[in-house]
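Here the working numbering is used: the sequence shown runs in plain steps of one and ends on residue 383.
Beta carbons: idealized from backbone N, C-alpha and C, even for Gly.
Let me begin by presenting the structure, written as structure tokens, before commenting on it.
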Amino acid sequence: MQFDLRPPQPSATRIPIRERYNPRTRWAKRAWLYGLAVVAAGLLLIWQHGQSSAIAEASDRDEEVFATEQRLITAAVMGNASASTLADRGFAALETDDLSTASLYLRAAATKDPKYRDAALYAGYAELARADQVWKRAPAEGEKRTKTAATLLEQAKLIDPIHAYTYELLAVAYTNLGKTDLATDAKTKQQAFAQTNITAR
């Protein structure tokens, strides 16, 4: 699956304002422009404050979401369900594109059994897919989920260092984090191991 996790590039169009120097209206126009500038400056300050507040609120919401997810994962790890059971629930959710549920169960399974390759691998996949969904509206969350994915995929790599699909996903994660050297290395290894690995699940 190909992800496009690049945040949108900002664009702006500058509209030039030209003043007409009519001797009879020059001072009136200048006073009007000064007044307009004051109003514009005031509106800009209000807008900037609103933007800052919105960004802060969004950041707080993101942190709350991540904290809630971590509490749910911890509760699942502490529960009676085995890592295999948790992973099966995660895989079932993944098959229906319920990425949030899949990620929670698979991350819990990977935490409960740190040697469970597919739990870590597909938890990383789920987080990459979730990042893909939010990049445009919430780039900070997209970046954070991509970092989470990279951590999980590195865990999977340590368990099975010759599994091609792990490197394929790592290449995506590192590309979208701007870590080109790591992305290139992952892609090289993915190609090297692709002929000998059996595609996982």
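query                                                                                                                                                              : result
Give the straight-line distance between the Cα atoms of residue 298 and residue 266, rounded to the nearest whole angstrom.                                        : 9 Å
Using 8 Å as the threshold, is the C-beta distance between residue 252 and residue 292 below it?                                                                   : no
How is the alpha helix (DSSP H) around residue 319 delimited, first residue to last?                                                                               : First-last for residue 319: undefined, no H or E at that position.
Pick helix, strand or coil for residue 359, following the three-state DSSP scheme.                                                                                 : coil
What do you get for residue 312, buried or exposed, if any count of 16 or more other CB atoms within 10 angstroms of its CB means buried?                          : buried
Do residue 351 and residue 302 count as a contact pair if the criterion is CB distance below 8 Å?                                                                  : no
So for residue 280, helix, strand or coil by DSSP?                                                                                                                 : coil
Closer than 6 Å by C-beta to residue 295: which residues in its own chain qualify, once you throw out the five before and the five after it? Chain order, please.  : 265
Taking C-beta to C-beta, are residue 355 and residue 332 nearer than 8 Å?                                                                                          : yes
Short of 6 Å in beta carbon distance, which residues of its chain neighbour residue 349, apart from the five on each side in sequence? Order them along the chain. : 368, 371, 372
Residue 306 to residue 282, Cα distance in whole Å?                                                                                                                : 12 Å
Should residue 256 go down as buried or exposed, given a rule of 16 or more other Cβ atoms within 10 Å for buried?                                                 : exposed
For residue 290 versus residue 276, is the C-beta spacing smaller than 8 Å?                                                                                        : no
Taking the alpha-carbon of residue 304 as reference, which of 345, 316, 323, 321 has the nearest alpha-carbon?                                                     : 345
Here's the rule I'm using: 16 or more other beta-carbon atoms within 10 Å means buried, otherwise exposed. How should residue 323 be labelled?                     : buried
Buried or exposed for residue 309, please, with buried defined as at least 16 other CB atoms from any protein chain shown within 10 angstroms of its CB.           : buried
Note down the Cα distance separating residue 326 from residue 318, rounded to an integer number of angstroms.                                                      : 14 Å
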